[in-house]
Amino acid sequence: MANPFNLVESCIRDVSMGENVTIVSPCNIYECQIGSNSFIGPFTEIQKGVVIGERCKIQSHSFICSLVQIGHDCFIGHGVMFVNDLFANGGPVNDATKWKATNIADHVSIGSNATILPVQICSHVVIGAGAVVSKDITEPGVYAGNPAIKLR
Amino acid sequence: MANPFNLVESCIRDVSMGENVTIVSPCNIYECQIGSNSFIGPFTEIQKGVVIGERCKIQSHSFICSLVQIGHDCFIGHGVMFVNDLFANGGPVNDATKWKATNIADHVSIGSNATILPVQICSHVVIGAGAVVSKDITEPGVYAGNPAIKLR
Amino acid sequence: MANPFNLVESCIRDVSMGENVTIVSPCNIYECQIGSNSFIGPFTEIQKGVVIGERCKIQSHSFICSLVQIGHDCFIGHGVMFVNDLFANGGPVNDATKWKATNIADHVSIGSNATILPVQICSHVVIGAGAVVSKDITEPGVYAGNPAIKLR
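In order, the protein sequence lines correspond to chains Y, X and U.
Residue numbers for the first sequence follow the working numbering, so the first one is 1 and each next one is one higher.
Residue numbers for the second sequence follow the working numbering, so the first one is 153 and each next one is one higher.
Residue numbers for the third sequence follow the working numbering, so the first one is 305 and each next one is one higher.
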């Protein structure tokens, strides 16, 4: 091994929790808010500034980036990835003030392996497994595909 | 931190194993069956009631939910997600008797990042990487895309 | 539990590192090279023989398989999966000499949940989140979809 390296351990730190939150480790969750009676599965990463409402389930392998806000009674499936950087200039933007926000309202269910670009999603929406959501969703319904379109 | 929370550690417990099973930790595997000479990679979750046959490889980052049965000599790629709840009433169904089963026969290979909805897949099928399988597959062949269709 | 099993722990071993590399554990990284000032997120697996250049970010939940070479200043998003085995004969190929290589040049950014089959990607390319890249990319630009096509 040519050089030493900086080893950082995943952790749960500086999280503002409601009552009766359950978290399955290992996970990497920091400087965010999680509402009462929510559940967070293993192998998840939740970044600084994220807000998650009450009675949500965030399933294993999901990644929730900064600038994502999730309402109450939401279900985020396994392997769901949120995005806040659209690589607008051809690559990652280091200036966090240029990242884009995502707002998920209440009673939204997102299927496993879905990818959520920076969008607004209204209440009572279902996103199919494997979908890629690249535009705002303003009507309740079921959306799926890449890019996601309304099914019904 | 406003409140204490329930911390659950990922584990390997109550698994009925055949001979010579290899598992790479950390993973979260419970109340399921794994056949002889099978391999389970790291960062996997395998839920209660899952049955995995002999000589299978379940690669890293995969999630196998309750009601999935996998035959012998199957390969489940990295980041493959199985689904048992179709959110039929617009959100997660808490009544497990209404979840749907998936049966994977023998010699089935599923590419990485694929998503498998509740389906039947016959023997000697290849699912391409990144595919979303939403319908039963009853003929051997190669299937890919979102939704997956037969390529050859 | 019917039988004992082989428990292997994820680790960081036999990695040739440049200076000032940061790694967030847990991860499973072995027998590979990581260039100076690169960052590796948690829940990643990087296999034997992989070469990663300088100033790269490999985000959480990504899997980088043997025969992948990544240049300098690249960004690999969360949940990105690389593939080296095309299941050419209807299933996994055990003979590693028949696996296929992937070469990623410099300044390439790959969005979260993308899947990268064995391809060549030239410099200054952006791959959209959730894309499935199945063909070589020889012109700078933005590519997305399943299969990925050039957007602009």
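Heads up, the beta-carbon is just placed ideally off N, CA and C, and yes, glycines get one too.
Item	Value
Inter-residue spacing [alpha-carbon to alpha-carbon] between L269/X and G322/U	43 Å
Beta strand (DSSP E) runs contained entirely in the stretch 326-353 of chain U, provided each spans 3 or more residues	326-329, 332-334
Environment of N236/X [buried if 16+ CB atoms lie within 10 Å]	buried
Boundaries of the beta strand (DSSP E) in which L7/Y is found, first to last residue	6-9
Closer than 9 Å at the beta carbon, the chain X residues around V312/U	T174, I175, V176, S177, P194
Beta carbon of I380/U nearer than 8 Å to that of I414/U	yes
Closest residue to L67/Y among G41/Y, K57/Y, I104/Y (Cα-Cα distance)	I104/Y
Rounded C-alpha distance that separates N417/U from N450/U	12 Å
Beta-carbon neighbours of G415/U, restricted to chain C and to distances below 8 Å	Judged by its chain identifiers, the structure shown contains no chain C, and its protein chains are Y, X and U.
First and last residue of the uninterrupted beta strand (DSSP E) at I256/X	254-256
Boundaries of the beta strand (DSSP E) in which I414/U is found, first to last residue	412-414
Cβ of G383/U within 8 Å of any chain Y Cβ	yes
For P308/U and S364/U, the rounded distance between their alpha carbons	31 Å
Extent of the continuous beta strand (DSSP E) to which A148/Y belongs	First-last for A148/Y: undefined, no H or E at that position.
Closer than 8 Å at the beta carbon, the chain Y residues around A433/U	M81, V83, T115, L117, V132
Proximal residues of chain X, C-beta to C-beta of E323/U below 7 Å	Within chain X, no residue comes near E323/U; the closest Cβ sits about 27 Å away, beyond 7 Å.
One or two residues paired with T401/U in a DSSP bridge	None; T401/U has no bridge partner.
Buried versus exposed call for G79/Y [16 or more other C-beta atoms within 10 Å across all chains shown]	buried
Distance CB(N89/Y)-CB(V325/U) smaller than 8 Å	no
Test: G297/X CB closer than 8 Å to a CB of chain U	yes
Buried/exposed call for N94/Y, threshold 16 Cβ in 10 Å	exposed
Among H276/X, D225/X, T196/X, nearest to R207/X - alpha-carbon criterion	D225/X
Where S168/X falls: helix, strand or coil (DSSP)	strand
Partner residues on chain X for H428/U, Cβ-Cβ distance less than 8 Å	The premise fails here: H428/U is roughly 23 Å from chain X at the closest Cβ pair, so nothing lies under 8 Å.
Euclidean distance between Cα positions of C122/Y and V260/X	39 Å
Simplified DSSP state of V387/U, which is helix, strand or coil	coil
Own chain partners of G49/Y with C-beta closer than 6 Å, once the 5 adjacent residues on each side are dropped	S66
Contacts of S62/Y in chain X (Cβ-Cβ under 8 Å)	Near S62/Y there are no residues of chain X at all, since even the closest Cβ is about 10 Å away, more than 8 Å.
Beta-bridge pairing of Q373/U - partner residues as DSSP gives them	V355/U, N407/U
Test item: CB-CB of T217/Y and S16/Y under 8 Å	For chain Y, the structure presents residues 1 to 152; residue 217/Y sits outside this window and is missing.
Reduced DSSP category for Q363/U - H, G, I as helix; E, B as strand; rest coil	coil
Extent of the continuous beta strand (DSSP E) to which V125/Y belongs	125-127
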